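The next block holds one structure in the form of C-alpha coordinates; read it before the comments.
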Amino acid sequence: MTNYRRRPHRLGGLLAVAALLALLLAACGGDGGDSATATSTSSAGAATPTAAAAEPTATSTQQTDEATPTMAAPEPTATNPTAPQPTATTATPAEPTATTGGGDDATPTTAPGGEDDPFEDLQTLDPEQLPNFSLTSTVRIENTDETGEDAVLTIEIVQSSVDHYHMVINSGADADTMDLIEVWQVGDRVFMREAGTITELPPGTPSFFSPELFLQQITNINEEVPVDRIGEENVAGRETTHYRASPEDFLAATAQDSEYLQGASNAQGKADVWIDNELFIMIRARIDITWTNSDGSTGLIFQEYDIYDIGSTPEVQAPQ
(Lines of atoms letter the chains of each structure in order from A and count residues from 1; the text may use other names and numbers.)
(Lines give C-alpha, C1' and ligand atoms only; values in the text may rest on other atoms or scores of the structure.)
Protein backbone atom coordinates (compact mmCIF):
# COMPACT_ATOMS: atom_id res chain seq x y z
CA MET A 1 0.00 0.00 0.00
CA THR A 2 1.53 3.29 -1.11
CA ASN A 3 1.19 6.28 1.18
CA TYR A 4 1.14 9.75 -0.42
CA ARG A 5 2.17 12.22 2.27
CA ARG A 6 4.60 14.48 0.44
CA ARG A 7 1.89 15.97 -1.77
CA PRO A 8 -1.40 15.60 0.15
CA HIS A 9 -4.86 15.51 -1.41
CA ARG A 10 -8.32 15.53 0.05
CA LEU A 11 -11.32 13.38 -0.71
CA GLY A 12 -14.79 14.80 -0.99
CA GLY A 13 -15.51 18.52 -0.80
CA LEU A 14 -17.82 19.67 2.00
CA LEU A 15 -17.98 23.26 0.81
CA ALA A 16 -18.95 22.16 -2.69
CA VAL A 17 -21.68 19.97 -1.21
CA ALA A 18 -22.97 22.85 0.90
CA ALA A 19 -22.98 25.15 -2.13
CA LEU A 20 -24.89 22.56 -4.13
CA LEU A 21 -27.46 22.18 -1.37
CA ALA A 22 -27.83 25.97 -1.21
CA LEU A 23 -28.37 26.04 -4.96
CA LEU A 24 -31.09 23.42 -4.70
CA LEU A 25 -32.88 25.05 -1.78
CA ALA A 26 -32.82 28.44 -3.47
CA ALA A 27 -34.05 27.03 -6.76
CA CYS A 28 -36.84 25.11 -5.07
CA GLY A 29 -38.00 28.14 -3.12
CA GLY A 30 -36.50 26.78 0.11
CA ASP A 31 -39.73 26.85 2.10
CA GLY A 32 -41.97 25.17 -0.42
CA GLY A 33 -42.92 28.40 -2.19
CA ASP A 34 -43.04 29.15 -5.88
CA SER A 35 -40.59 27.33 -8.08
CA ALA A 36 -37.61 29.05 -9.67
CA THR A 37 -37.85 30.91 -12.95
CA ALA A 38 -35.00 30.28 -15.40
CA THR A 39 -33.68 32.94 -17.74
CA SER A 40 -31.22 32.48 -20.55
CA THR A 41 -28.02 34.14 -21.69
CA SER A 42 -25.33 32.85 -24.02
CA SER A 43 -22.63 32.21 -21.45
CA ALA A 44 -20.23 29.30 -21.23
CA GLY A 45 -19.22 30.02 -17.64
CA ALA A 46 -20.26 28.01 -14.60
CA ALA A 47 -23.34 29.17 -12.73
CA THR A 48 -22.65 30.42 -9.22
CA PRO A 49 -25.05 29.14 -6.52
CA THR A 50 -26.48 31.57 -4.00
CA ALA A 51 -28.37 30.70 -0.84
CA ALA A 52 -30.49 33.85 -0.48
CA ALA A 53 -32.68 34.25 -3.53
CA ALA A 54 -36.45 33.98 -3.69
CA GLU A 55 -36.48 33.89 -7.47
CA PRO A 56 -33.04 32.70 -8.62
CA THR A 57 -32.04 32.90 -12.22
CA ALA A 58 -29.76 30.60 -14.12
CA THR A 59 -27.26 30.98 -16.89
CA SER A 60 -27.60 28.38 -19.57
CA THR A 61 -24.48 26.78 -20.97
CA GLN A 62 -24.00 26.85 -24.73
CA GLN A 63 -23.80 23.20 -25.85
CA THR A 64 -21.06 22.06 -28.14
CA ASP A 65 -21.32 19.43 -30.83
CA GLU A 66 -22.20 16.07 -29.43
CA ALA A 67 -19.32 13.69 -28.89
CA THR A 68 -19.56 10.09 -29.98
CA PRO A 69 -19.89 7.50 -27.17
CA THR A 70 -17.29 4.80 -27.05
CA MET A 71 -19.92 2.07 -26.96
CA ALA A 72 -23.23 1.64 -28.76
CA ALA A 73 -26.24 2.50 -26.64
CA PRO A 74 -28.95 -0.20 -26.64
CA GLU A 75 -32.64 0.59 -26.87
CA PRO A 76 -34.24 1.33 -23.48
CA THR A 77 -35.91 -1.64 -21.88
CA ALA A 78 -36.85 -0.46 -18.40
CA THR A 79 -38.67 2.38 -16.71
CA ASN A 80 -37.40 5.13 -14.50
CA PRO A 81 -37.62 3.87 -10.91
CA THR A 82 -38.71 7.23 -9.52
CA ALA A 83 -41.62 7.86 -11.87
CA PRO A 84 -44.39 5.85 -13.50
CA GLN A 85 -43.42 7.13 -16.95
CA PRO A 86 -40.92 5.04 -18.95
CA THR A 87 -37.67 6.91 -19.50
CA ALA A 88 -34.36 5.10 -19.18
CA THR A 89 -32.74 2.29 -17.25
CA THR A 90 -31.16 3.18 -13.91
CA ALA A 91 -29.14 0.14 -12.96
CA THR A 92 -27.61 -0.55 -9.56
CA PRO A 93 -23.83 -0.16 -9.80
CA ALA A 94 -21.90 -3.35 -9.15
CA GLU A 95 -19.48 -3.65 -6.26
CA PRO A 96 -15.80 -3.25 -7.17
CA THR A 97 -13.72 -6.33 -7.89
CA ALA A 98 -10.02 -6.31 -7.16
CA THR A 99 -7.77 -7.12 -10.12
CA THR A 100 -4.30 -6.45 -8.75
CA GLY A 101 -4.60 -6.14 -5.02
CA GLY A 102 -7.56 -4.12 -3.79
CA GLY A 103 -7.34 -4.91 -0.09
CA ASP A 104 -5.62 -3.05 2.71
CA ASP A 105 -2.31 -4.75 1.88
CA ALA A 106 -2.55 -4.37 -1.89
CA THR A 107 0.65 -4.25 -3.89
CA PRO A 108 1.24 -0.77 -5.36
CA THR A 109 1.01 -0.41 -9.11
CA THR A 110 1.09 2.58 -11.47
CA ALA A 111 -1.05 5.53 -10.33
CA PRO A 112 -2.81 7.76 -12.89
CA GLY A 113 -0.56 10.73 -12.14
CA GLY A 114 2.64 8.99 -11.13
CA GLU A 115 4.15 8.20 -7.74
CA ASP A 116 4.63 11.80 -6.54
CA ASP A 117 1.16 13.06 -7.43
CA PRO A 118 -1.45 10.32 -7.96
CA PHE A 119 -4.11 12.84 -9.04
CA GLU A 120 -2.01 14.96 -11.38
CA ASP A 121 -4.07 13.92 -14.42
CA LEU A 122 -7.45 13.80 -12.66
CA GLN A 123 -10.32 15.29 -14.67
CA THR A 124 -13.69 16.68 -13.58
CA LEU A 125 -16.55 14.85 -15.26
CA ASP A 126 -17.65 16.92 -18.26
CA PRO A 127 -20.98 15.69 -19.70
CA GLU A 128 -20.04 17.11 -23.10
CA GLN A 129 -16.71 15.27 -23.22
CA LEU A 130 -18.32 12.09 -21.85
CA PRO A 131 -21.77 12.28 -23.46
CA ASN A 132 -23.05 8.82 -22.50
CA PHE A 133 -23.08 7.85 -18.82
CA SER A 134 -25.24 7.29 -15.74
CA LEU A 135 -24.56 8.73 -12.29
CA THR A 136 -26.02 8.39 -8.81
CA SER A 137 -24.94 10.43 -5.79
CA THR A 138 -26.23 10.61 -2.24
CA VAL A 139 -24.81 13.12 0.24
CA ARG A 140 -25.88 13.50 3.86
CA ILE A 141 -24.38 15.90 6.41
CA GLU A 142 -25.28 16.22 10.10
CA ASN A 143 -24.09 18.65 12.76
CA THR A 144 -21.36 20.23 10.66
CA ASP A 145 -22.02 23.75 11.98
CA GLU A 146 -23.49 25.54 14.99
CA THR A 147 -27.05 25.40 13.61
CA GLY A 148 -27.19 21.64 14.00
CA GLU A 149 -29.19 21.40 10.80
CA ASP A 150 -29.02 18.27 8.69
CA ALA A 151 -29.13 18.09 4.91
CA VAL A 152 -29.63 15.34 2.35
CA LEU A 153 -29.08 15.55 -1.39
CA THR A 154 -29.59 12.78 -3.92
CA ILE A 155 -29.01 13.09 -7.65
CA GLU A 156 -29.63 10.59 -10.43
CA ILE A 157 -28.44 11.41 -13.95
CA VAL A 158 -29.08 9.29 -17.03
CA GLN A 159 -27.53 10.88 -20.11
CA SER A 160 -27.52 9.09 -23.44
CA SER A 161 -26.20 12.14 -25.32
CA VAL A 162 -25.53 15.80 -24.59
CA ASP A 163 -29.11 16.84 -25.41
CA HIS A 164 -30.82 13.67 -24.16
CA TYR A 165 -30.78 13.36 -20.38
CA HIS A 166 -32.98 12.67 -17.38
CA MET A 167 -32.25 14.02 -13.90
CA VAL A 168 -33.94 13.32 -10.59
CA ILE A 169 -33.00 15.58 -7.68
CA ASN A 170 -34.11 15.21 -4.07
CA SER A 171 -33.07 17.63 -1.35
CA GLY A 172 -34.12 18.32 2.21
CA ALA A 173 -33.42 17.54 5.84
CA ASP A 174 -35.15 14.15 5.93
CA ALA A 175 -37.47 11.88 3.98
CA ASP A 176 -40.58 13.76 5.18
CA THR A 177 -39.41 17.15 3.90
CA MET A 178 -37.64 16.18 0.68
CA ASP A 179 -38.19 18.38 -2.38
CA LEU A 180 -38.30 16.47 -5.67
CA ILE A 181 -37.41 17.92 -9.04
CA GLU A 182 -37.30 15.80 -12.17
CA VAL A 183 -36.07 17.09 -15.52
CA TRP A 184 -35.87 15.63 -19.01
CA GLN A 185 -34.25 17.07 -22.10
CA VAL A 186 -34.95 15.23 -25.33
CA GLY A 187 -33.48 17.15 -28.23
CA ASP A 188 -35.03 20.63 -28.18
CA ARG A 189 -37.80 19.62 -25.77
CA VAL A 190 -37.48 20.15 -22.01
CA PHE A 191 -39.85 18.69 -19.41
CA MET A 192 -40.03 19.24 -15.66
CA ARG A 193 -41.92 17.42 -12.93
CA GLU A 194 -42.85 19.39 -9.83
CA ALA A 195 -45.46 18.45 -7.24
CA GLY A 196 -46.29 15.34 -9.25
CA THR A 197 -47.10 17.21 -12.46
CA ILE A 198 -45.03 16.97 -15.65
CA THR A 199 -44.90 20.15 -17.72
CA GLU A 200 -43.24 20.71 -21.08
CA LEU A 201 -41.47 24.05 -21.00
CA PRO A 202 -41.92 26.55 -23.85
CA PRO A 203 -39.58 26.10 -26.83
CA GLY A 204 -36.24 27.79 -26.29
CA THR A 205 -36.44 27.63 -22.49
CA PRO A 206 -33.10 26.41 -21.14
CA SER A 207 -33.03 23.63 -18.58
CA PHE A 208 -31.88 25.18 -15.32
CA PHE A 209 -31.19 21.76 -13.84
CA SER A 210 -28.69 20.34 -16.33
CA PRO A 211 -26.01 17.70 -15.66
CA GLU A 212 -23.31 20.20 -16.55
CA LEU A 213 -24.53 22.77 -14.02
CA PHE A 214 -24.56 20.29 -11.16
CA LEU A 215 -21.28 18.61 -12.02
CA GLN A 216 -19.55 22.00 -12.07
CA GLN A 217 -20.38 22.39 -8.37
CA ILE A 218 -18.83 19.09 -7.28
CA THR A 219 -15.13 18.95 -6.46
CA ASN A 220 -13.84 15.40 -6.75
CA ILE A 221 -10.52 15.85 -5.02
CA ASN A 222 -9.35 18.61 -2.70
CA GLU A 223 -5.81 19.13 -1.48
CA GLU A 224 -5.64 18.64 2.27
CA VAL A 225 -5.97 14.97 3.22
CA PRO A 226 -3.13 12.50 2.58
CA VAL A 227 -4.29 9.35 0.79
CA ASP A 228 -3.05 5.78 0.55
CA ARG A 229 -3.09 3.89 -2.73
CA ILE A 230 -4.90 0.61 -2.09
CA GLY A 231 -4.63 -1.02 -5.52
CA GLU A 232 -6.33 -1.56 -8.85
CA GLU A 233 -9.95 -2.76 -8.94
CA ASN A 234 -12.66 -3.33 -11.53
CA VAL A 235 -15.65 -1.05 -10.89
CA ALA A 236 -18.72 -1.21 -13.14
CA GLY A 237 -16.62 -2.80 -15.88
CA ARG A 238 -13.91 -0.13 -15.68
CA GLU A 239 -10.32 -0.53 -14.52
CA THR A 240 -9.77 1.85 -11.62
CA THR A 241 -7.27 2.71 -8.89
CA HIS A 242 -8.53 2.76 -5.32
CA TYR A 243 -7.36 5.41 -2.81
CA ARG A 244 -8.19 5.83 0.87
CA ALA A 245 -7.89 8.57 3.50
CA SER A 246 -7.98 7.95 7.23
CA PRO A 247 -10.98 9.37 9.14
CA GLU A 248 -8.63 11.45 11.29
CA ASP A 249 -7.01 13.09 8.26
CA PHE A 250 -10.38 13.65 6.60
CA LEU A 251 -11.82 15.34 9.70
CA ALA A 252 -8.71 17.47 10.24
CA ALA A 253 -8.89 18.80 6.69
CA THR A 254 -12.64 19.40 6.88
CA ALA A 255 -12.20 21.31 10.14
CA GLN A 256 -9.88 23.77 8.40
CA ASP A 257 -12.93 25.17 6.61
CA SER A 258 -15.09 25.42 9.74
CA GLU A 259 -14.50 27.16 13.06
CA TYR A 260 -17.25 25.02 14.56
CA LEU A 261 -15.37 21.80 13.76
CA GLN A 262 -12.04 22.94 15.19
CA GLY A 263 -12.65 21.10 18.46
CA ALA A 264 -14.01 17.91 16.87
CA SER A 265 -12.46 14.58 17.83
CA ASN A 266 -12.93 10.81 17.78
CA ALA A 267 -13.22 10.52 14.00
CA GLN A 268 -14.29 7.10 12.76
CA GLY A 269 -15.30 5.56 9.45
CA LYS A 270 -13.94 5.47 5.90
CA ALA A 271 -13.17 7.75 2.96
CA ASP A 272 -12.44 5.96 -0.31
CA VAL A 273 -12.40 6.96 -3.98
CA TRP A 274 -11.84 5.01 -7.19
CA ILE A 275 -10.26 6.76 -10.19
CA ASP A 276 -10.80 5.48 -13.75
CA ASN A 277 -7.41 4.48 -15.17
CA GLU A 278 -8.34 5.52 -18.73
CA LEU A 279 -10.60 8.56 -18.29
CA PHE A 280 -8.97 9.85 -15.07
CA ILE A 281 -12.30 10.75 -13.49
CA MET A 282 -13.71 9.68 -10.14
CA ILE A 283 -15.87 6.62 -10.81
CA ARG A 284 -16.86 5.82 -7.24
CA ALA A 285 -16.72 7.40 -3.78
CA ARG A 286 -17.63 5.89 -0.44
CA ILE A 287 -17.32 8.35 2.44
CA ASP A 288 -18.86 7.66 5.84
CA ILE A 289 -17.16 9.66 8.59
CA THR A 290 -18.53 10.38 12.07
CA TRP A 291 -16.98 12.39 14.89
CA THR A 292 -17.77 14.07 18.20
CA ASN A 293 -18.13 17.85 18.18
CA SER A 294 -16.91 20.02 21.06
CA ASP A 295 -20.54 20.49 22.18
CA GLY A 296 -20.99 16.71 22.42
CA SER A 297 -23.10 16.28 19.28
CA THR A 298 -22.22 13.69 16.65
CA GLY A 299 -21.21 14.98 13.25
CA LEU A 300 -21.51 13.06 10.00
CA ILE A 301 -20.42 13.35 6.39
CA PHE A 302 -21.75 10.57 4.17
CA GLN A 303 -21.46 10.18 0.41
CA GLU A 304 -22.11 7.40 -2.07
CA TYR A 305 -21.18 8.35 -5.64
CA ASP A 306 -21.16 6.12 -8.71
CA ILE A 307 -20.65 6.59 -12.45
CA TYR A 308 -21.59 3.58 -14.56
CA ASP A 309 -22.92 2.46 -17.96
CA ILE A 310 -20.31 4.62 -19.68
CA GLY A 311 -21.01 4.35 -23.40
CA SER A 312 -23.94 1.98 -22.84
CA THR A 313 -26.62 4.14 -21.20
CA PRO A 314 -29.92 3.59 -23.07
CA GLU A 315 -31.43 6.43 -25.08
CA VAL A 316 -33.47 8.80 -22.93
CA GLN A 317 -37.09 9.16 -24.02
CA ALA A 318 -39.61 11.93 -23.37
CA PRO A 319 -41.97 11.23 -20.46
CA GLN A 320 -45.41 9.93 -21.40
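Each residue of the sequence shown is one higher than the last, beginning at 14 in the working numbering. Built from N, CA and C at the ideal position, the CB exists for glycine as well. Remember, it's a predicted structure, so these values are computed and weren't measured experimentally.
Where D322 sits in the DSSP three-state scheme: Working through the sequence shown from its first residue, we reach residue 322 at position 309. DSSP places D322 in coil when its eight states are reduced to three.
Counterpart residues of I182 in DSSP-defined beta bridges: Along the sequence shown, one-based indexing puts residue 182 at 169. I168 and I194, per the DSSP bridge assignment.
Enclosing beta strand (DSSP E) for D262 [first to last residue]: Numbered from its first residue, the sequence shown carries residue 262 at position 249. Taken as a continuous stretch (DSSP letters only), D262 belongs to no beta strand (DSSP E), being part of the alpha helix (DSSP H) at P260 to A268.
Continuous alpha helix (DSSP H) stretch holding L148: start and end: Translated into positions along the sequence shown, residue 148 becomes position 135. Segment F146 to E155 is the beta strand (DSSP E) holding L148; no alpha helix (DSSP H) there.
Residue closest to T218, alpha-carbon to alpha-carbon, out of L135, T160, V196 and G209: Position 205 of the sequence shown, counted from the first residue, corresponds to residue 218. Nearest option by C-alpha distance: V196.
C-alpha gap between L214 and L148, whole angstroms: Your numbering for residue 214 matches position 201 in the sequence shown. Your numbering for residue 148 matches position 135 in the sequence shown. C-alpha separation (whole angstroms): 24 Å.
Own chain, CB closer than 8 Å to T253, minus 5 neighbours either side, in chain order: The residue labelled residue 253 in the question sits at position 240 within the sequence shown. Once the five neighbours on either side are set aside, the close Cβ partners of T253 are P109, E245, E246, N247, W287, I288, D289, N290, I296 and R297.
First and last residue of the uninterrupted alpha helix (DSSP H) at Q229: In the sequence shown, residue 229 corresponds to position 216, counting from 1. Start and end: P224 to Q229.
Top-ranked residue by Cα proximity to I320, from G309, N306, R299 and V203: Position 307 of the sequence shown holds residue 320. Measuring from the Cα of I320, the nearest candidate turns out to be R299.
Alpha-carbon spacing of E79 relative to V329, whole angstroms: Counting from 1 along the sequence shown, the entry for residue 79 is found at position 66. Counting from 1 along the sequence shown, the entry for residue 329 is found at position 316. Residue confidence for E79 is low, a pLDDT of 41 falling below 50, so the modelled location carries little weight and cannot support an answer.
Rounded C-alpha distance that separates G311 from S174: Here residue 311 refers to the residue found at position 298 when the sequence shown is read from its first residue. Here residue 174 refers to the residue found at position 161 when the sequence shown is read from its first residue. It is Thr, not Gly, that sits at residue 311 in the sequence shown. T311 and S174: Cα-Cα distance of roughly 42 Å.
Exposure label - Q198; buried when at least 16 CB within 10 Å: Here residue 198 corresponds to residue number 185 of the sequence shown, with the count starting at 1. Buried.
Alpha carbon of Y178 to alpha carbon of F263, nearest angstrom: To locate residue 178, count along the sequence shown from 1; it is residue 165. To locate residue 263, count along the sequence shown from 1; it is residue 250. Y178 and F263 have their C-alpha atoms some 34 Å from each other.
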